[in-house]
Amino acid sequence: MGCEGDLTDSLRLKSRYISTDYYRSVVEKYDYFFQEYHEARIPVLMKYLDLKPSHIVADIGSGTGFIAEQLYQLSGLTNPVWCVDPSAEMQEVAGKRKGLYPVQKTAEEFFSDPEINHNQVFDRVICAASSHHFVDPVAVYKGIVRSLRPGGFFIQVNIVDVNHPVFKTAENVIGKYSKNAAKEIQPRLLQEMNLQAKISHQEVTSPTMAVSKSKLYEIYRGRCVSRLYQLSDEQIEEIIKELENEILKDVKDDDRINYNYVFLVIKIHLD
């Protein structure tokens with residue numbers, strides 16, 4: 083096992099702080115692009131968070147606050163969900179939702195705040211597929227652990243697979259042009275961080291989701307995920323050409339493509 087400093091430096095090299103220009107470019111259609119993904123994650127989060135009305139919750143990398151608002155409403159929370167995200171455009175949307183407390187900061191800024199860093203503030207902290215944006219993951223995860231109240235825990239949800247060949251074909255093309263893209267933090271790396279906490283993980287398959295062919299192409303062309311932001315228009319069209327020539331050549335624009343997400347749910351709780 084390497085020393086903590088080496089791990090921090092290594093992860094910093096692999097992490098990418100995405101330009102605010104990206105979020106500016108996608109904010110108007112963000113929830114439309116991510117509708118199916120949001121709908122797949124919410125029941126998983128509800129199952130593993132075991133929320134009580136009195137809980138105080140923080141969502142790190144909360145985007146537009148769609149998921150946080152759903153958790154607030156479905157759980158009958160009496161305290162607003164803290165929505166931590168550095169994008170002013172995303173927070174403008176979140177600020178119009180019910181039951182949210184927007185905090186426009188990066189995860190590093192948030193967990194370095196003495197009021198958060200030295201106090202046990204939260205019953206639950208969540209990170210739904212945003213850990214690849216952490217510039218200093220070691221500092222963030224240690225801050226998360228320090229912020230938890232007794233009996234509290236952190237839940238992270240990563241995508242590990244989408245079980246339809248459409249997405250595998252697209253991923254093969256994307257992978258050619260975004261080889262240095264940062265990935266979600268995995269359990270092995272968390273173990274190396276010496277967090278003084280218990281770490282467990284489990285794979286979960288989502289309910290069956292569906293998206294039309296026309297919307298799928300719109301999602302790719304709209305660069306709904308940050309990895310696509312690195313690709314040129316020609317490279318995006320290469321994805322669509324591959325799909326048109328193979329898997330989707332006989333599929334009509336309005337036909338629905340059925341698939342399931344496979345999520346890795348990671349839990350961190352105090353010893």
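In terms of this note's numbering, the sequence shown opens at residue 83 and continues consecutively. Backbone N, C-alpha and C define an ideal beta-carbon position, used for all residues, glycine too.
Give the list of continuous beta strand (DSSP E) stretches no shorter than 3 residues that lie fully inside the region 216-295. 230-244, 279-287 and 291-294, all fully within the region 216-295.
Buried or exposed: where does Lys224 fall if 16 or more other Cβ atoms within 10 Å of its Cβ makes it buried? Numbered from its first residue, the sequence shown carries residue 224 at position 142. In the assembly as shown, Lys224 is a buried residue. Its beta-carbon has 16 or more other beta-carbons within 10 Å.
Quick one: using the 10 Å Cβ neighbour count with 16 as the cut-off for buried, is Lys62 buried or exposed? Absent from the model: residue 62. The displayed extent of the chain is 83 to 353, so no value can be given.
Are Tyr341 and Met291 closer than 8 angstroms when you measure CB to CB? As a first step, residue 341 is located in the sequence shown; it is residue number 259 there, counting from the start. As a first step, residue 291 is located in the sequence shown; it is residue number 209 there, counting from the start. The beta carbons of Tyr341 and Met291 sit closer together than 8 angstroms.
Are the region 210-224 and the region 182-200 in contact at 8 angstroms, needing three or more beta carbon pairs? With a cut-off of 8 angstroms, the region 182-200 and the region 210-224 count as touching, because enough Cβ pairs lie within range.
Nearest CA to the CA of Ile350: which residue from Pro168, Val227, Gly143 and Ile339? As a position in the sequence shown, residue 350 is number 268, starting the count at 1. Taking only the C-alpha atoms, the option nearest Ile350 is Val227.
Cys165 bridges to which residues according to DSSP? The residue you call residue 165 lines up with position 83 of the sequence shown. Answer is Asp141 and Pro184, bridged to Cys165.
So, are the CB atoms of Ser294 and Arg338 less than 8 angstroms apart? Within the sequence shown, the letter at position 212 stands for residue 294. Within the sequence shown, the letter at position 256 stands for residue 338. In contact: Ser294 and Arg338 (Cβ atoms closer than 8 angstroms).
According to the neighbour-count rule (16 or more other Cβ atoms, all chains shown, within 10 Å of its Cβ), is Asn53 buried or exposed? Beyond the ends of the chain as shown, which are 83 and 353, falls residue 53; an answer cannot be given.
Terminal residues of the continuous beta strand (DSSP E) containing Lys349? On the sequence shown, position 267 is the one that residue 349 refers to. Boundaries of the beta strand (DSSP E) around Lys349: Tyr343 to Leu352.
Using the three-state DSSP reduction, which class does Tyr99 fall into: helix, strand or coil? What you label residue 99 is simply residue 17 of the sequence shown in a count that begins at 1. With a pLDDT of only 48 at Tyr99, under 50, the local geometry of the prediction cannot be trusted, and no value is derived from it.
So what does DSSP say about Ser170, is it helix, strand or coil? In the sequence shown, the residue the question calls residue 170 occupies position 88. Per the sequence shown, residue 170 should be read as Ala rather than Ser. Ala170 carries a helical assignment under DSSP once its states are collapsed to helix, strand and coil.
Output needed for Val248: all residues of its chain with C-beta closer than 8 angstroms, excluding positions within five of it in sequence on either side, in chain order. Position 166 of the sequence shown, counting from 1, holds the residue named residue 248. Short of 8 angstroms from the beta carbon of Val248, and not among the five residues preceding or following it, lie these beta carbons of its own chain, in chain order: Leu298, Leu325, Ile329, Leu330, Ile339 and Tyr341.
Just checking, does the region 162-177 make contact with the region 128-144 on the three C-beta pairs under 8 angstroms criterion? Taking a cut-off of 8 angstroms for Cβ pairs, the region 162-177 and the region 128-144 touch, as three or more such pairs fall below it.
What is the DSSP secondary structure of Arg123, reduced to helix, strand or coil? The residue given as residue 123 occupies position 41 in the sequence shown. Three-state DSSP puts Arg123 in a helix.
Can you tell me which of Ile301, Val333, Ser288 and Gly257 puts its alpha carbon nearest to the alpha carbon of Ile241? To locate residue 241, count along the sequence shown from 1; it is residue 159. With distances taken between CA atoms, Ile241 lies nearest to Ser288 out of Ile301, Val333, Ser288 and Gly257.
Count the other CB atoms within 10 Å of the CB of Asp167; is the residue buried (16 or more) or exposed (fewer)? By one-based count along the sequence shown, residue 167 stands at place 85. Answer is buried; the Cβ neighbour count reaches 16.
Taking 8 angstroms as the cut-off, decide whether the C-beta atoms of His283 and Leu346 are in contact. Within the sequence shown, numbered from 1, the residue matching residue 283 stands at position 201. Within the sequence shown, numbered from 1, the residue matching residue 346 stands at position 264. It is a contact, given that the beta carbons lie within the stated cut-off.
Any idea what DSSP makes of Ala150, helix, strand or coil? Position 68 of the sequence shown holds residue 150. Note: Ala150 maps to helix in three-state DSSP.
Give me, in chain order, the residues of the same chain whose beta-carbon lies closer than 7 angstroms to that of Gly145; leave out the 5 immediate sequence neighbours on both sides. By one-based count along the sequence shown, residue 145 stands at place 63. Answer for Gly145: Tyr112, Asp167 and Met172, listed in chain order.
Who are the Cβ neighbours of Ile321 in its own chain at under 6 angstroms, not counting the five residues just before and after it? The residue you call residue 321 lines up with position 239 of the sequence shown. The beta carbon of Ile321 sits closer than 6 angstroms to the beta carbons of Ala252, Val255 and Tyr302 from its chain, once the five residues preceding and following it are set aside; these are given in chain order.
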